[in-house]
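Please read the structure below before turning to the comments.
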Amino acid sequence: MKNLYDVVVVGGGPAGLTAALYLARARYSVLVVEKEKFGGQITITSEVVNYPGVMQGSGVEITEKMRRQAENFGAEFLLAEVTGLDMQGDLKTVHTSKGDIKAFGVLLATGAHPRKVGFKGEDEFKGRGVAYCATCDGEFFTGMDIFVVGGGFAAAEEAVFLTRYARQVTILIRSDDFTCAAATADLARKNPKIKICTNTVVEAVEGEGSLNLLRYRNLKTGEVTEYRPPEWQTFGVFVFAGYTPATELVKGLAELDSYGYIVTDANQKTNIEGLYAAGDVCIKNLRQVVTAVSDGARAATELEKYACMMQAKTGIKPEFKLPERAVGQAEEKPQQDSGEIFTGAIKKQLQTVFAKMQSPLVLELSLDDRNISQELKYYADEMASLTDKLTVTTGTNDEKPCVRVLRSDGSYTGIAFHGVPGGHEFNSFVIALYNAAGPGQAVDEDTLAKIRSLNKKLNLKILVSLSCTMCPELVMAAQRIAAENEHVTAEVYDINHFENLKTKYNIMSVPCMVINDTDVIFGKKSIAELAGILAQK
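The numbering of the sequence shown is our numbering, which starts it at 3 and goes up by one.
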């Protein structure tokens, strides 16, 4: 049976990746389905120092090692959105944007997303001063005052991170003190650039285009303070007030507590046969990478028993595909720097993608005399050297540096990147080439019909930062739509090299999308969400 697994893991954060590692190592077929980017919320953390065995590392580095380790044991991965679960019968069905998948068991490890506080102006100024990701947006507030709302781990850690940009950071805590570990709180307390206000809540933010007023109140004294930035300046408000569990898939199905977290037993089993949960979607006192990993390992161990039982009951045994490289061998040593942009491992991955491309493409470069242009040329030349499906030519685009993706006949695919598509946008650009050349990523029929029905000229400017973990989903969605519909163009800009656009559209958060140079929209969007937005234009 096609698309049949012992277990499907929904969510590619630390809990899901650990479960996949354990299941694959035990020779059970497992598929991890992730809708955005493998790694989860921890990927927005620039420095992790409390994970055992890792002295220091970024969230991206740690979770990428987890993913590779699981893959080396035979785990499979799919970038798609899970739209529903059917838990009836021996074989459960996981409905995704790329088709249905059958499995004996399902592990929900979808994590949580930042919770809004609800103060006046929070929604209105999202992306124009109110932010939820220090790594993505901190740099926009260089030399300015920043206020951090919250008193937990994230608030304390990110406040310290933000001091590298801010003139001063003020932490506004609702309770009497921090609610995180003393060691984490002390790092904030001892930082000379951080001021702490306890028993304090934000009442409102105001402004014209950007923030020019913050009003907060002391809960004990009732004193109201109004902060205004120096003339001609603005400021930032970063909200780290906890998370809301991503349990929409199982509402009305699995038992949830009053806050929306999934109720499980000690072995991560829910009240639904074959459904397990792990990580930040579960009830727990501590939400850290180490506890998510523990949940994932425990759930996987139970799912091994469950899958074994179901194999015996049904007589069905999903195929386990042993990876080519024998697990247990030493991991390939990093190559010494040879001046090449792509490592040997990345080159192999690129060649795998290029081999699947149906049509040749042309990378049209428009360059100036800046170093960033030379970097783009080197990048494109080296990529083209890996395949006969890509050639490089020169162009005359006004917004340099720029790489436009053309078909072999010279026609424009609607996809362009201004800057060098590295960092978190490397995968996005490679997938854009795959989508432009065909066959492209699968899209569900309803969304595809909506994309093809767009009959007006739509120019999408997507402004990103290469360090932004929330940007790739919007970028890939816009580029996939552009590849499918000739009326749509998707031009991605590395905001660090296009200050004029940041000023023109008053951008203080990424990702940011500008439609036809007028409508400005902030935040990540799935392809279905973006298609819906564009259909209204």
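C-beta: ideal position from N, C-alpha, C; glycine also.
Looking at residue 162: is its Cβ nearer than 8 angstroms to the Cβ of residue 242? Not a contact, by the Cβ cut-off of 8 angstroms.
Could you name the residues that DSSP lists as bridge partners for residue 83? Beta-bridge annotation (DSSP): residue 83 is not paired with any residue.
Cutoff 7 angstroms; reference residue 206; Cβ partners in own chain excluding five residues on either side: A distance below 7 angstroms between beta-carbons, with the five flanking residues on each side excluded, links residue 206 to the following residues of its chain, in chain order: 121, 122, 123 and 217.
Taking DSSP's pairing of strands, which residues face residue 521 in a bridge? Partner residues in the beta bridge of residue 521, as assigned by DSSP, are 517.
How close, in whole Å, do the beta carbons of residue 403 and residue 375 come, if the pair is a contact with beta carbons under 8 angstroms? Indeed they touch by this definition, with Cβ atoms about 4 angstroms apart.
Does the beta-carbon distance from residue 158 to residue 136 come in below 8 angstroms? In this structure, residue 136 does not lie closer than 8 angstroms to residue 158 by Cβ.
The beta strand (DSSP E) enclosing residue 149, as first and last residue numbers: Where residue 149 is concerned, the enclosing beta strand (DSSP E) starts and stops at 147–151.
Does any C-beta atom of chain C lie closer than 8 angstroms to the C-beta of residue 279? Looking for chain C here will not work: only one protein chain is present.
Let me confirm a value: residue 420 is counted as buried when at least 16 other C-beta atoms fall within 10 Å, else exposed. Which label applies? Residue 420 is buried by the Cβ-count criterion.
What alpha helix (DSSP H) runs, 4 residues minimum, are completely inside the segment 436–463? The qualifying runs are 447–454.
Reduced DSSP category for residue 40 - H, G, I as helix; E, B as strand; rest coil: Of the three classes helix, strand and coil, the one that applies to residue 40 here is coil, per DSSP.
Alpha carbon of residue 337 to alpha carbon of residue 345, nearest angstrom: Confidence in residue 337 is poor, its pLDDT being 44 and thus under 50, which makes the residue's placement unreliable; the coordinate value appears in the next sentence. Straight-line measurement puts the Cα of residue 345 at about 7 angstroms from the Cα of residue 337.
Does DSSP put residue 184 in a helix, in a strand, or in coil? Correct three-state label for residue 184: helix.
I need the straight-line Cα distance from residue 302 to residue 22, nearest angstrom please. Between residue 302 and residue 22, the alpha-carbon positions lie close to 7 angstroms from each other.
What separation, rounded to the nearest whole angstrom, lies between the Cα atoms of residue 133 and residue 357? The straight-line gap from Cα to Cα measures roughly 41 angstroms.
Looking at the structure shown, is residue 406 part of a helix, part of a strand, or coil, going by DSSP? In the three-state reduction of the DSSP assignment, residue 406 falls in the strand class.
What whole-angstrom Cβ distance do residue 31 and residue 428 have, given they're in contact under 8 angstroms? Going by Cβ atoms, the distance from residue 31 to residue 428 rounds to 29 angstroms, so no, they are not a contact pair.
Can you tell which of 256, 510, 455 and 536 has the C-alpha that lies nearest to the C-alpha of residue 129? By alpha-carbon distance to residue 129, the top candidate from 256, 510, 455 and 536 is 510.
Going by alpha carbons, who is nearest to residue 485 out of 454, 467 and 398? Nearest of 454, 467 and 398 to residue 485, Cα basis: 454.
Judging by CA-CA distance, which residue of 180, 261, 108 and 479 is the nearest neighbour of residue 270? Checked all of 180, 261, 108 and 479; the closest Cα to residue 270 is 108.
Proximal residues to residue 45 (C-beta, below 7 angstroms), its chain only, five neighbours per side dropped: If you ignore the 5 residues before and after residue 45, its C-beta comes within less than 7 angstroms of the C-beta of 39, 61, 62, 65 and 471, all in its own chain and listed in chain order.
Residue 131 beta carbon less than 8 angstroms from that of residue 5: In this structure, residue 131 does not lie closer than 8 angstroms to residue 5 by Cβ.
DSSP beta-bridge partners for residue 413? For residue 413, DSSP assigns no beta-bridge partner whatsoever.
Tell me, which residues are paired with residue 284 by DSSP? Answer is 264.
Proximity below 8 angstroms, CB of residue 256 to CB of residue 246: Not a contact, by the Cβ cut-off of 8 angstroms.
In three-state DSSP terms, what is residue 135? DSSP places residue 135 in coil when its eight states are reduced to three.
Element boundaries [alpha helix (DSSP H), containing residue 243]: That residue, residue 243, is in no alpha helix (DSSP H); it is neither H nor E in DSSP.
Taking its Cβ as the centre, do 16 or more other Cβ atoms sit within 10 Å of residue 544, making it buried, or is it exposed? Outside the shown range of the chain (3 to 539) lies residue 544, about which nothing can therefore be said.
Mark residue 183 as exposed unless 16 or more other C-beta atoms lie within 10 angstroms of its C-beta, in which case mark it buried. Label assigned to residue 183: exposed.
Cα-Cα separation between residue 41 and residue 487, rounded to whole angstroms: The straight-line gap separating the alpha-carbon atoms of residue 41 and residue 487 is approximately 31 angstroms.
Beta-carbon contacts of residue 534 that lie in its chain and below 8 angstroms, excluding the five residues immediately before and after: For residue 534, where only same-chain residues beyond five positions count, the Cβ hits under 8 angstroms are 452.
Closest by C-alpha distance to residue 111, when choosing among 231, 166, 212 and 293: Ranking the options by Cα distance to residue 111, first place goes to 293.
With a threshold of 16 other CB atoms inside 10 Å of the CB of residue 300, please say whether the residue is buried or exposed. Residue 300 should be labelled buried.
Quick one: residues in its chain with C-beta nearer than 7 angstroms to the C-beta of residue 333, no 5 flanking neighbours on either side, listed in chain order? Annotation note: pLDDT 47 at residue 333 (below 50); position unreliable, coordinate value reported separately. So no residue of the chain qualifies.
Exposed or buried, what is residue 236 when buried is set at 16 or more other beta-carbons lying within 10 Å of its beta-carbon? With a 10 Å radius around the Cβ and a threshold of 16 neighbouring Cβ atoms, residue 236 comes out buried.
At which residues does the alpha helix (DSSP H) containing residue 536 begin and terminate? That run of the alpha helix (DSSP H) goes 529–537.
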